[in-house]
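What follows is a short report on a single structure.
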């Protein structure tokens, strides 16, 4: 069964304390893996798309990486404004559908 | 540039009542989607429209109907609301379903069915 699992469910960091969020997937024929950020009361906002194992993308303090089984979202020296829920979604070959993980709630304390 | 606009933002219904959630995008996107988001379950696809005049069922279509009124607008209708439909509903759009397209989301509708 195609599945996307995110861990941890919640993460509290001190400002400046780097960490990583995990998104593991079991799909056949990955077409793309997407990372979104969701703030309370708002819709998800696109961050990155990764297409193949070994690919990396960066944006400010965020860096996303992809292997054949999982993706990591690395947060370097986070700030309180990085607090949000981070969602991972996978699109697999032969379908338009996206499978979303349940997200990681990140809280960065000043 | 508004992006994806959803109305209403909040709604409370009684069991058995009907309502329509409205969604419009101004990015000239071909594909539009309706998702629901429940705690611990992630975003689940209700219905999808690849282009004007076409709609397809997603993962959880029961109890819902949709209309792709034109290229800009995609509405979701609850004919007889049930408490199990209490959720946050998101409309999204993408340029096309044929490539790895990122989704643009609206700000959501928080629906409570009593």
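Residue numbers (the numbering used here), protein chains in the order written: chain B, 1 to 110; chain P, 111 to 224.
The beta carbon of each residue, even a glycine, is placed where N, CA and C say it ideally should be.
{"Item": "Residue 135 (chain P) - DSSP class collapsed to helix/strand/coil", "Value": "strand"}
{"Item": "Closer than 9 Å at the beta carbon, the chain B residues around residue 200 (chain P)", "Value": "43, 44"}
{"Item": "Proximity of residue 174 (chain P) and residue 154 (chain P) at Cβ, strictly below 8 Å", "Value": "no"}
{"Item": "As assigned by DSSP and simplified to three states, the class of residue 203 (chain P)", "Value": "strand"}
{"Item": "Beta-bridge pairing of residue 64 (chain B) - partner residues as DSSP gives them", "Value": "B:57, B:73"}
{"Item": "Boundaries of the beta strand (DSSP E) in which residue 84 (chain B) is found, first to last residue", "Value": "84-92"}
{"Item": "Any 3 or more C-beta pairs closer than 8 Å across the region 140-151 of chain P and the region 196-208 of chain P", "Value": "yes"}
{"Item": "N- and C-terminal bounds of the beta strand (DSSP E) containing residue 154 (chain P)", "Value": "152-159"}
{"Item": "Straight-line gap, residue 8 (chain B) to residue 126 (chain P) (C-alpha atoms, nearest Å)", "Value": "38 Å"}
{"Item": "Enclosing beta strand (DSSP E) for residue 177 (chain P) [first to last residue]", "Value": "174-178"}
{"Item": "For residue 183 (chain P), three-class secondary structure by DSSP", "Value": "strand"}
{"Item": "Residues that residue 151 (chain P) contacts on chain B, provided the C-beta gap is smaller than 7 Å", "Value": "102"}
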